[in-house]
Structures are given as structure tokens and as C-alpha cells.
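Protein sequence lines correspond, in order, to chains A and B. Numbering-wise (our numbering), the first sequence opens with residue 625 and increments by one. Numbering-wise (our numbering), the second sequence opens with residue 625 and increments by one. Just so it is clear, CB atoms sit at the ideal spot from N, CA and C, and this is done for glycine as well.
2 protein chains.
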Amino acid sequence: MTGTAGEQAVTQPECEFCRDVVEPEDLLWASEYVVARLGRPHHKGHVEVVFVRHEEDLTTLTDRERDAFFDDMIYVAEVLKRILQPDVVNYQMLGNWIPHLHWHIYPRFRSDPDFGNPMVIPLRDEPFEPQLVAEEEVAALRRDLRQFEHDRCPHCQRRARRR
Amino acid sequence: MTGTAGEQAVTQPECEFCRDVVEPEDLLWASEYVVARLGRPHHKGHVEVVFVRHEEDLTTLTDRERDAFFDDMIYVAEVLKRILQPDVVNYQMLGNWIPHLHWHIYPRFRSDPDFGNPMVIPLRDEPFEPQLVAEEEVAALRRDLRQFEHDRCPHCQRRARRR
């Protein structure tokens, strides 16, 4: 596989995430293996890290893809920590609504009503108060994610070596 | 590191999970890197996969430990799928209550009231109706997890090669 996720062709046209990988809204970063973009803003800084190809099961990835899927999630989380300064970070992989493999990253803030407990996630048709990331924070996330290096993180360095 | 997780010494005596790694209740499996055990039964087959040492951040693991932490979670999930036959499997890593690194694996069943949506998890002091795994299922989980091989899963084979 060459290039970045955004350069791939749609794998399954009926899959919302396959389309999003090619034309992502709110794109933060595209690596060889994932597209990272802002998710539903029921929690501030909720990011989805979507695998480049339509796969529904972790066991269908190659060793390298699986390592990269995890490493790239950690990389995105590290940059989120640096820019948004959350009190803790939570991770989720569900696949209940869209089976295409993707991580949810949730920066959690002490000021949130559900802080200290599992995320309370509104259902698909349930209204919520959007918790938006400021424009300058989005710009900083994009800038830092595209730097492709993270001096404090050995796993980002492994990812950089792998390229 | 040699031996299995259960043979380690307590890293931080004040950490509930450090104590559990050494004397786990409801143990299903101990590898070189993790202890897998039944979690709170608010969902049937909820399993916690706890890292062997007290670490609170994925970036403090070595490359090998991080790969193993993910591989071993996948391995446990594959065995859960085989024995419990859930309709889908969800994964979570939170660290809100206990920061010691651990995965939550949730087999999800069509018959559950929250099926198809993110897990509704009772708070620590909230009562819930226990959804227990049958004794013969626990025995089958232990037996299959201890076989250390999973013929359908390339990642289990990688783990086996690593040993």
C-alpha cells in the first residue's frame, strides 16, 4: 500500500466510512493506514480513527496493519493530549452502528458532567449540546499531526521509522 | 520478563489491579503480558484484560509490550467469540476508575436491552441485574485460552511464535 488513506478508492460504496475515508469531512490527518477526523461533538475533541480499507474484524488485518492501526491511534491520542490538555483519555472500538473498523478517542475533561465515569453517549437520533473544538485548536491538531513526529513518544518514532 | 502475569510481584500495593494481577479472582488466563478475568457482570461475558505491570499510559510500554497488549486482547476476544457466540464484540479502554492499563471486552448479544448501541454501564454504586456466564462456559473459556493457539487467527499465531 502506498500513499495516504485519503488517496484510496472506495472499498464498499454502501459503507459510510468507506466513503468518508476517500472524502473525509473534518479531516485531521491521513496516514498510510488510517484517516483521523473529528467525530460527533457530544464530547469535546471526540475523534474517530478509521482504518483505510473496509475491514470488520481485527483478525483480518496483517501484523503490520494491526500494529499500525494501534500505533496510529496512540499517535493521534498523544497529539490530542498535547493540544487539548484533557484530564484523561478514553478509547473505544464498537462497530455497532458502522462495522468498518474504527477507534473512538475521547479526551475527557473534569468539567464534563460524566467525567470520572464511562462516557454517556447520545443515541443516533438523540439531541445533544455540541461541545466544539475551537478553530485554532483544530488548526493546531492538524499542524501537529502532520509533523509526523512526536519527540516524547517512542511509538510515534517507530511509526516514523516504518515509513 | 519471564513466566506469566500471575507470577509477578505487586508493583503498586495501593492499586487494586496490581493486587489482582498477583491474586486474580475469576481468572481466565494469564500470559506473559496480561491477566484476563471476568469483569463486572452487567453484561454477559464482560472480560478485563489487565496489563501485567502498573502502567497508566500506552506510551510507556515497549514496542513488544504494546503489540502483545493488543494481540492478547484480540486473542481473548477470539476465544470469547468462539465460546459465547456473541452478535458483535465491543472494546473499551477507559482508566477513569483505575488508571492501571486494562482493556474491557464486551460480547454483545441481540437479546440485551442496549444491543446495537454503546454499552450502558452502571456506575460503581448502582445496582444491576447480573448476567452470568454459565460454569461450563467459564470452563470452556479457560480451556481454550490455555491452549495457546487459535487456528483461525494469524495474530494468535504471531503471539505463539513470540513465546
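Review point. What three-state label does DSSP hand Phe641/A in the structure shown?
Key: Here residue 641/A corresponds to residue number 17 of the first sequence, with the count starting at 1. Of the three classes helix, strand and coil, the one that applies to Phe641/A here is helix, per DSSP.
Exercise for review: Given a cut-off of 8 Å, decide if Val671/A and Ile729/A are closer than it, judged by their beta-carbon atoms.
Suggested key: Residue mapping note: residue 729/A aligns to position 105 of the first sequence, counting from 1. Residue mapping note: residue 671/A aligns to position 47 of the first sequence, counting from 1. Yes, the pair counts as a contact, with Cβ atoms nearer than the cut-off.
**Study point:** Residue(s) in a DSSP beta bridge with Arg732/B
**Key:** The residue you call residue 732/B lines up with position 108 of the second sequence. Val712/B, per the DSSP bridge assignment.
Check your understanding: How would you list, in chain order, the residues of chain B whose beta-carbon sits under 9 Å from the beta-carbon of Val712/A?
Key -> Walking along the first sequence from the start, residue 712/A turns up at place 88. Result: Leu718, Gly719, Asn720, Pro723.
Practice item. Put Gly672/B into one of helix, strand or coil per three-state DSSP. Key: Along the second sequence, read from residue 1 onward, the residue named residue 672/B stands at position 48. For the sequence presented, residue 672/B should be read as Glu rather than Gly. Of the three classes helix, strand and coil, the one that applies to Glu672/B here is strand, per DSSP.
Review point. Along chain B, which residues have their Cβ under 7 Å away from the Cβ of Asp691/A?
Key: The residue you call residue 691/A lines up with position 67 of the first sequence. Asp691, listed in chain order.
Exercise for review: Determine which residues of the segment 663 to 692 of chain B have a Cβ less than 7 Å from any Cβ of chain A, and write them out in chain order.
Suggested key: Leu682, Thr683, Asp687, Arg690, Asp691
**Study point:** Nearest-angstrom Cα separation, counted from Pro710/A out to Ala764/B
**Key:** Reading the second sequence from its first residue, position 140 is the one you call residue 764/B. Reading the first sequence from its first residue, position 86 is the one you call residue 710/A. Approximately 41 Å between the Cα atoms of the pair.
**Study point:** Per-residue DSSP class, three states only, for Val658/B
**Key:** The residue labelled residue 658/B in the question sits at position 34 within the second sequence. Note: Val658/B maps to strand in three-state DSSP.
Check your understanding: For Glu702/A and chain B, any beta-carbon pair shorter than 8 Å?
Key -> Position 78 of the first sequence, counted from the first residue, corresponds to residue 702/A. By this cut-off, Glu702/A is an interface position.
**Study point:** Closer than 8 Å to chain B by CB, Arg782/A
**Key:** For this step, residue 782/A is matched to residue 158 along the first sequence. Chain B, which has a Cβ nearer than 8 Å to the Cβ of Arg782/A, makes this yes.
Review point. Going by the beta-carbon positions, is the gap between Gln755/B and His666/B smaller than 8 Å?
Key: Your numbering for residue 755/B matches position 131 in the second sequence. Your numbering for residue 666/B matches position 42 in the second sequence. Yes, Cβ-Cβ distance for Gln755/B and His666/B is below 8 Å.
Point to revise | the segment 645 to 656 of chain B in contact with the segment 736 to 745 of chain B per 3-pair CB rule at 8 Å | key: Flag = no, the segment 645 to 656 of chain B and the segment 736 to 745 of chain B do not touch.
Review point. At least one CB of chain B closer than 8 Å to the CB of Tyr715/A: is that the case?
Key: Within the first sequence, numbered from 1, the residue matching residue 715/A stands at position 91. Interface residue, yes.
Point to revise | Per-residue contacts from Pro742/B into chain A (C-beta, under 8 Å) | key: As a first step, residue 742/B is located in the second sequence; it is residue number 118 there, counting from the start. Chain A residues near Pro742/B: Gln716, Leu718, Asn720, Met743, Ile745.
Exercise for review: Less than 8 Å between the CB atoms is what I'm expecting for Arg783/B and Asp687/B, so what's the real figure, rounded?
Suggested key: By 1-based counting over the second sequence, the position of residue 783/B is 159. By 1-based counting over the second sequence, the position of residue 687/B is 63. That belief does not hold up - the Cβ atoms of Arg783/B and Asp687/B are roughly 15 Å apart, past 8 Å.
Point to revise | Nearest-angstrom Cβ-Cβ length linking Ile698/A and Thr683/B, presumed shorter than 8 Å | key: Mapped onto the first sequence, residue 698/A falls at position 74. Mapped onto the second sequence, residue 683/B falls at position 59. Yes, Ile698/A and Thr683/B are in contact; Cβ-Cβ is about 7 Å, under 8 Å.
Review point. Helix, strand or coil for Leu651/A per DSSP?
Key: Locating residue 651/A in the first sequence gives position 27, where the first residue counts as 1. In this structure, Leu651/A counts as strand in the three-state DSSP scheme.
Practice item. Measure from the C-beta of Ile707/A to each C-beta in chain B and report whether the shortest distance is under 8 Å. Key: Locating residue 707/A in the first sequence gives position 83, where the first residue counts as 1. False, the Cβ-Cβ gap to chain B never drops below 8 Å.
Exercise for review: Consult DSSP for Met717/B and reduce its assignment to one of helix, strand or coil.
Suggested key: The residue labelled residue 717/B in the question sits at position 93 within the second sequence. In this structure, Met717/B counts as strand in the three-state DSSP scheme.
Check your understanding: Does the beta carbon of Ile698/A sit closer than 8 Å to a beta carbon anywhere in chain B?
Key -> Within the first sequence, the letter at position 74 stands for residue 698/A. Yes, Ile698/A counts as interfacial toward chain B.
Check your understanding: Taking only beta-carbon atoms, is Phe694/A less than 8 Å away from chain B?
Key -> The residue given as residue 694/A occupies position 70 in the first sequence. The beta-carbon of Phe694/A is placed less than 8 Å from the nearest beta-carbon of chain B.
Exercise for review: Please state if the CB of Val673/B and the CB of Val700/B are separated by a distance shorter than 8 Å.
Suggested key: For the purposes of this step, residue 700/B is taken as residue 76 along the second sequence, with counting starting at 1. For the purposes of this step, residue 673/B is taken as residue 49 along the second sequence, with counting starting at 1. It is a contact, given that the beta carbons lie within the stated cut-off.
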